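**Student:** Here you go, one structure.
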Amino acid sequence: MRRLFPVTDQTSPAEAPDRARARQAEALTDREWSLDELAEAYAYPALGPDGHWLRANMVSTLDGAAQHDGRSQPISGETDMRIFGTLRALADVVIAGAETVRQEGYRPARAREAFAARREAAGQGPAPVIAVVTAGLDLDFSLPLFTSPLVPTLVVTGAGAPSDRVAEAVRAGAEVVIAGEGAAVDPARAVRELADRGLRRQLTEGGPRLLGQFVAADVLDELCLTISPMLTAGDAQRIAGGPAVAVPHRLAPASVLEEAGFLFTSYRRI
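In terms of this note's numbering, the sequence shown opens at residue 47 and continues consecutively.
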């Protein structure tokens with residue numbers, strides 16, 4: 047892996063030009079990064095006492111497909127999965143839509159020794175919470191995601207959700223978070239409700255419909271987008287779906303990494 051942006055050839059007043067050139071050469075060297083280096087590259091910004099940060103992690107082919115045969119794995123790669131794991135390990139909560147949970151076969155987040163000290167220093171538990179956003183609670187509550195997580199899985203839904211399904215979620219061991227007046231979830235309220243639980247470093251893995259709702263509600267702070275060097279054609283979804291926003295949201299590039307033709311980008315709200 048090598049860093050393409052930001053460029054690291056700026057010489058500080060206290061740094062000799064040859065040292066600056068050496069730093070740039072190291073950044074551009076194509077080598078495997080350690081998990082610590084990835085964690086530093088994707089560290090959340092410092093948050094104030096009431097602050098929270100919602101980042102999304104998505105992958106797209108060159109022709110805009112977010113999935114192939116309904117799943118993201120075929121357009122991903124080994125380094126993309128290392129970054130996927132790193133982003134999870136840095137988060138307080140991983141937010142996913144019910145359809146993504148079903149299609150991708152979500153399992154409970156696991157504690158990873160490589161990130162244990164970092165999480166403890168940040169005041170985090172051993173693993174992130176998984177939060178499933180759903181209006182109808184059409185979920186299999188007998189799966190390990192609900193029956194045997196390291197930390198209880200959250201089901202984020204609206205006040206008008208089917209009461210029998212809510213009761214079944216609770217019996218399975220899930221915690222239900224109400225974030226909407228009807229059956230549907232209000233994206234902005236969901237972000238606030240999770241932050242109020244102390245889950246302030248937030249990561250959403252979509253799918254496209256949920257990410258589109260976060261974009262439309264203007265609550266997305268950062269997009270970590272892997273651009274896969276593949277073409278699929280077809281009619282696969284884009285990374286964000288749903289109604290268009292009135293005015294496109296402009297983000298600023300924060301980081302671009304490259305390995306084996308994959309671009310690992312990060313864009314943050316301006």
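Even glycine gets a Cβ: it sits at the ideal position worked out from N, Cα and C.
Quantities reported herein were computed from a predicted structural model and do not represent experimental measurements.
#1: Locate the beta strand (DSSP E) running through Phe310, then write down its first and last residues.
#2: What's the C-alpha gap between Ala230 and Ala144?
#3: Which same chain residues end up closer than 8 Å to Leu133 when comparing Cβ atoms and leaving out the 5 residues on each side of it in sequence?
#4: Would you list, in sequence order, the uninterrupted beta strand (DSSP E) runs of no fewer than 3 residues that lie entirely inside the stretch 261–298?
#5: Beta-carbon within less than 8 Å of Glu239's beta-carbon, same chain only, minus the 5 sequence neighbours each way: which residues are those?
#6: Considering Cα atoms alone, identify which of Pro294, Leu196, Glu304 and Ala181 is closest to Ile129.
#7: Measuring only the C-alpha atoms, how far is Glu227 from Trp79?
#8: Quick one: does Gly219 have its CB under 9 Å from some CB of chain D?
#9: Please look up how many angstroms separate the CB atoms of Pro254 and Ala112, rounded, as I've assumed it's under 8 Å.
#10: Provide the residue span of the beta strand (DSSP E) that contains Val201, from first to last.
#11: In its own chain, which residues sit with a C-beta less than 7 Å from the C-beta of Ala137, not counting the 5 before and 5 after it?
#12: Report back the beta-carbon spacing between Val140 and Ala155 to the nearest angstrom; my notes put them in contact at under 8 Å.
#13: So for Arg77, helix, strand or coil by DSSP?
#14: Taking just the CA atoms, how far does Pro190 sit from Val197?
#15: Assuming Val147 is part of the alpha helix (DSSP H), what are its boundary residues?
#16: Does the Cβ of Ser188 have 16 or more other Cβ atoms within 10 Å, making it buried, or fewer, making it exposed?
#17: Does DSSP put Phe192 in a helix, a strand or coil?
#18: Going by DSSP, what residue range makes up the alpha helix (DSSP H) through Glu166?
#19: Label Asp184 either buried or exposed according to how many other C-beta atoms from any shown protein chain fall within 10 Å of its C-beta, with 16 as the threshold for buried.
#20: Starting from the N-terminal side, write out each stretch of the beta strand (DSSP E) that is 3 residues or longer and does not extend beyond the stretch 214–261.
#21: If you count every other CB in all the chains shown that lies within 10 Å of the CB of Glu251, and 16 or more means buried, which is it?
#22: Alpha carbons only, please: which of Ser301, Arg77, Arg284 and Val179 is nearest the one belonging to Arg117?
#23: Can you tell me whether Val53 is buried or exposed, with buried defined as 16 or more other CB within 10 angstroms of its CB?
#24: Which first and last residues belong to the alpha helix (DSSP H) in which Ala135 is found?
#25: At the level of alpha carbons, what is the spacing between Asp76 and Asp242?
**Tutor:** Concretely, from the data shown:
#1: In the sequence shown, counting from the first residue as 1, residue 310 sits at position 264. Where Phe310 is concerned, the enclosing beta strand (DSSP E) stretches over Phe308 to Arg315.
#2: Here residue 230 corresponds to residue number 184 of the sequence shown, with the count starting at 1. Here residue 144 corresponds to residue number 98 of the sequence shown, with the count starting at 1. Approximately 12 Å, taken between the alpha carbons.
#3: Within the sequence shown, the letter at position 87 stands for residue 133. The answer, listed in chain order, is Tyr88, Arg101, Asn103, Leu249 and Cys270.
#4: 268–274
#5: The sequence position of residue 239 within the sequence shown is 193, counting from 1. The residues are Val202, Val223, Ile224 and Ala225.
#6: Reading the sequence shown from its first residue, position 83 is the one you call residue 129. Nearest option by C-alpha distance: Glu304.
#7: Residue 227 sits at position 181 when you count from the first residue of the sequence shown. Residue 79 sits at position 33 when you count from the first residue of the sequence shown. Cα to Cα, the separation comes out at about 46 Å.
#8: Protein chains in the displayed structure number just one, and chain D is not present.
#9: Stepping through the sequence shown from its first residue, residue 254 is reached at position 208. Stepping through the sequence shown from its first residue, residue 112 is reached at position 66. With 8 Å as the limit, Pro254 and Ala112 qualify as a contact, their Cβ atoms being about 6 Å apart.
#10: Taking the first residue of the sequence shown as 1, we reach residue 201 at position 155. Per DSSP, Val201 belongs to the beta strand (DSSP E) from Leu200 to Thr203.
#11: For the purposes of this step, residue 137 is taken as residue 91 along the sequence shown, with counting starting at 1. Cβ neighbours of Ala137 beyond the five flanking positions: Pro174, Arg247, Gln248 and Leu249.
#12: In the sequence shown, the residue the question calls residue 140 occupies position 94. In the sequence shown, the residue the question calls residue 155 occupies position 109. Indeed they touch by this definition, with Cβ atoms about 6 Å apart.
#13: Start at 1 with the first residue of the sequence shown, and residue 77 comes out as number 31. Arg77 falls in the coil class under three-state DSSP.
#14: Within the sequence shown, residue 197 is the residue found at index 151, counting from 1. Within the sequence shown, residue 190 is the residue found at index 144, counting from 1. Cα to Cα, Val197 sits roughly 12 Å from Pro190.
#15: For the purposes of this step, residue 147 is taken as the residue at position 101 of the sequence shown. Ala144 to Glu150 is the extent of the alpha helix (DSSP H) around Val147.
#16: Residue mapping note: residue 188 aligns to position 142 of the sequence shown, counting from 1. Ser188 is exposed by the Cβ-count criterion.
#17: Walking along the sequence shown from the start, residue 192 turns up at place 146. Note: Phe192 maps to helix in three-state DSSP.
#18: Taking the first residue of the sequence shown as position 1, residue 166 is located at position 120. Start and end: Glu159 to Ala167.
#19: As a first step, residue 184 is located in the sequence shown; it is residue number 138 there, counting from the start. That one is exposed.
#20: 221–224 and 247–250
#21: Within the sequence shown, numbered from 1, the residue matching residue 251 stands at position 205. Glu251 comes out buried.
#22: Your numbering for residue 117 matches position 71 in the sequence shown. Nearest C-alpha to Arg117: Arg284.
#23: In the sequence shown, counting from the first residue as 1, residue 53 sits at position 7. Per the 10 Å Cβ criterion, exposed.
#24: As a first step, residue 135 is located in the sequence shown; it is residue number 89 there, counting from the start. Per DSSP, Ala135 belongs to the alpha helix (DSSP H) from Glu124 to Leu136.
#25: Taking the sequence shown and counting its residues from 1, the one referred to as residue 76 is at position 30. Taking the sequence shown and counting its residues from 1, the one referred to as residue 242 is at position 196. Cα-Cα distance, rounded: 42 Å.
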